[in-house]
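Working notes, structure below.
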Amino acid sequence: MHDADLIAQLLRLLAAGLLLISFAMLSRRRTQRLITLYAWQGAILFLSTCLVAYGEGLRELYYSAALTLILKVILLPWILHRLIHRLGAQWDSEPLVNIPATMLVGLVLVIFAFGLAQPISMLATTITRHTIGIALAVILLSFMMMITRRKAMTQVIGFLAMENGLFFAATSTTYGMPMVIELGIALDMLVAVFILGIFFFQIREQFDSLDLHHLEKLRED
Amino acid sequence: MSALTLVRQLGEVVLAVAIAPLFMGWIAQCRAWLQNRTAPPLTQPYRMLRKLFHKDAALAADASPLFRTAPYVLFGTMVLAAAIIPSVATDLPFARAADAIALIGLFATARVFMALAAMDIGTAFGSLGARREMMIGFLAEPAFLMVLFNAFLLYGSTALPSLVDANATRRFFIDPSVIFAEIAFIMVLLAENARIPIDNPATHLELTMIHEAMVLEYSARHLALIEWAADLKLFNYACIGFALFLPWGIAVHGADGGGALLLASAVLLVKLAFAGAALALIESLSAKLRIFRAPEYLAMAFLLAVLGLLVHLLLGANIHA
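Chains as they are written, first to last, in the numbering used here: chain A, 330 to 550; chain B, 22 to 342.
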């Protein structure tokens, strides 16, 4: 009993850490820092999945935790680092909508997510049910990061962070998805990053920049 | 109120006043080590104070009495704050006189006097520093209040001693809101004490100064008092941090005999040593922000503290439950 209590506390702590990292991502300007934060987010997901697996004695969750560790903490950040290195974009600091305003909107989003998750968490029976609100907040915050950023690279990181939020939501509501689905999602992520990497080069070749607002206007030549 | 509590109170204040410069010296030493410099001796701040007290004070011709009294007010408020904050024991007669919100008011009083004194002479740098200080202050105060509200919510009290009592004696419990509050608190501490992301205490360039710009016109004993008050301020903030987040080892109400007090003092020294090293590390790792980035930095601190409140409402089980 005491053990379960401790695990629940640790899970809450990790969930809070996840939220913290989402806000840190919103406030960072440098792409390289964002990738490091993304890796940290993956590490927290790995730890929390392991904890849930240990607390509930679910063996297959260990596999998905291992998958998280390999893919989100090691492989994807490494690929992204290589990509920005090749693109020469590691010191990209982008002009952004003013950061304090973004943060305040983020705060409102968190309140919204918490309010939204309250009835859902009443229904769930898992030990992690209180963290659904945080998972939802992480998804919304990553979504906002994709909206407010202009560079292609940061938008992709926002997309990946959103997937992290979804994964966390899945583990906290229903102890994760079936293994087949999880494997499929993991493969999708990997392929998406590869394809988007190719896109980056194409975009840069066309416009000499990774700024996506060039894509907004049609060219007539 | 027995004579013993008074002795305890007096002892705590004397200890605070005595070791505050040592804490500053320790931070300077850690910073020097981290930057591969030869460190100044630990007693450097004391030597500095002695030197300053032996000099003759020079006052500007048009200095008003306010300029001369400000250092005493500053030092007095910081000593009073040290008396209120429970650093070694919690059963203190002074500590019951004011809660944590009044404490923030006390710090604000010191800040106002400092800013007025800086503007009093009428030099450009003085008023520039005063304006910046007020800007930082008005942004840092709400963040600090929010951090305190986190602790109040968690322990159900606004008075620091009872808060520490509740905190030190509860069973071990991790509340996620505490990490948010802790980070916000460290950010506020750095901003309020003119440390690196906001202000560089070792700068020689007047245009980037905040705290230093305000004290440019002071000399000798006045300067010594101001320096000492600054040391005490940092010490006080560190002690507030310990009271809110690391209360273990303090002599709680009812268990504060001589042995417990000695132990608490030793624990306090250990905590200060770690806190000083951590502060030096943070300062060495971060660069000074442009002054226009300061609102962003402090908005971040405010936000983290508010997030802590939200997370507490959603996730935190009450410790009484």
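Glycine residues also receive a C-beta, built at the ideal position from the N, C-alpha and C atoms.
Just so you know, these numbers come straight off a predicted model, no measurement behind them.
Problem set entry | Contact set between Leu166/B and chain A, taken where Cβ atoms lie within less than 8 Å | Ordered by position in chain A, no residue passes the 8 Å Cβ test against Leu166/B, which lies about 16 Å from the chain.
For this session: Identify the contact partners of Leu310/B in chain A, using a Cβ-Cβ distance below 7 Å as the criterion.
Result: Correct list: empty, because the minimum Cβ distance to chain A is about 12 Å.
For this session: Answer yes or no: does any C-beta atom of chain B fall closer than 7 Å to that of Pro429/A?
Result: By this cut-off, Pro429/A is an interface position.
For this session: Since I believe Ala129/B is in contact with Glu162/B (beta carbons under 8 Å), could you give me their beta-carbon distance rounded to a whole number of angstroms?
Result: By a beta-carbon distance limit of 8 Å, Glu162/B contacts Ala129/B. Their separation comes to about 7 Å.
Exercise. For Pro107/B and chain A, any beta-carbon pair shorter than 7 Å?
Worked result: Not an interface residue.
Exercise. When DSSP labels each residue in this structure, what does Lys480/A get in the three-state scheme?
Worked result: Residue state, collapsed to three classes: strand.
Exercise. Of all the residues that make up the region 317-334 of chain B, which are near chain A by a beta-carbon distance shorter than 7 Å?
Worked result: Against chain A - using a Cβ distance shorter than 7 Å - the residues of the region 317-334 of chain B are Glu317, Ala320, Met321, Leu324, Val327, Leu328, Leu331 and Val332.
Problem set entry | Inside the region 112-177 of chain B only - alpha helix (DSSP H) runs reaching at least 4 residues | Within the region 112-177 of chain B, the complete alpha helix (DSSP H) segments of 4 residues or longer fall at 121-141 and 145-176, listed in chain order.
Problem set entry | Extent of the continuous alpha helix (DSSP H) to which Trp369/A belongs | First-last of the alpha helix (DSSP H) with Trp369/A: Thr360 to Glu385.
Exercise. Three or more C-beta pairs closer than 8 Å, one from the region 285-295 of chain B and one from the region 203-218 of chain B: is that the case here?
Worked result: Cβ pair count under 8 Å is below three, so no.
For this session: Closer than 7 Å, Cβ to Cβ, to anything on chain B: give me those residues from the region 378-391 of chain A, in chain order.
Result: Against chain B - using a Cβ distance shorter than 7 Å - the region 378-391 of chain A contributes no residues.
For this session: Indicate whether the contact test is met: 3 or more Cβ pairs, each with one atom in the region 468-478 of chain A and one in the region 520-527 of chain A, closer than 8 Å.
Result: With a cut-off of 8 Å, the region 520-527 of chain A and the region 468-478 of chain A do not count as touching, because too few Cβ pairs lie within range.
Problem set entry | Straight-line Cα distance separating Gly494/A from Leu452/A | Approximately 20 Å between the Cα atoms of the pair.
Exercise. When DSSP builds the beta bridges, which residues end up paired with Asp540/A?
Worked result: Beta-bridge pairing links Asp540/A to Lys480/A.
Exercise. Apart from the five residues just before and just after Ala131/B, which ones in its own chain have a Cβ nearer than 6 Å to its Cβ?
Worked result: Cβ neighbours of Ala131/B beyond the five flanking positions: Leu95 and Thr98.
For this session: Compare the beta carbon distance of Trp369/A and Ile350/A with 7 Å and say whether it is the shorter of the two.
Result: A contact, by the Cβ cut-off of 7 Å.
Exercise. Taking only beta-carbon atoms, is Gly462/A less than 7 Å away from chain B?
Worked result: True, the Cβ-Cβ gap to chain B drops below 7 Å.
Problem set entry | Endpoints, alpha helix (DSSP H) assigned at Arg58/B | No residue range can be given for Arg58/B, since it is assigned to no alpha helix (DSSP H) and is classified by DSSP as neither H nor E.
Problem set entry | Cα-Cα separation between Leu489/A and Ala442/A, rounded to whole angstroms | The alpha-carbon atoms of Leu489/A and Ala442/A are separated by roughly 19 Å.
Problem set entry | First and last residue of the uninterrupted alpha helix (DSSP H) at Asn257/B | Asn257/B -> alpha helix (DSSP H) spans Ala241 to Phe266.
Problem set entry | Ala326/B, DSSP secondary structure in three states | Reduced to three states, the DSSP call for Ala326/B is helix.
For this session: Taking Ala116/B as the reference, give the member of Val133/B, Glu317/B, Arg71/B and Gln30/B with the closest Cα.
Result: For Ala116/B, the nearest C-alpha among the options comes from Gln30/B.
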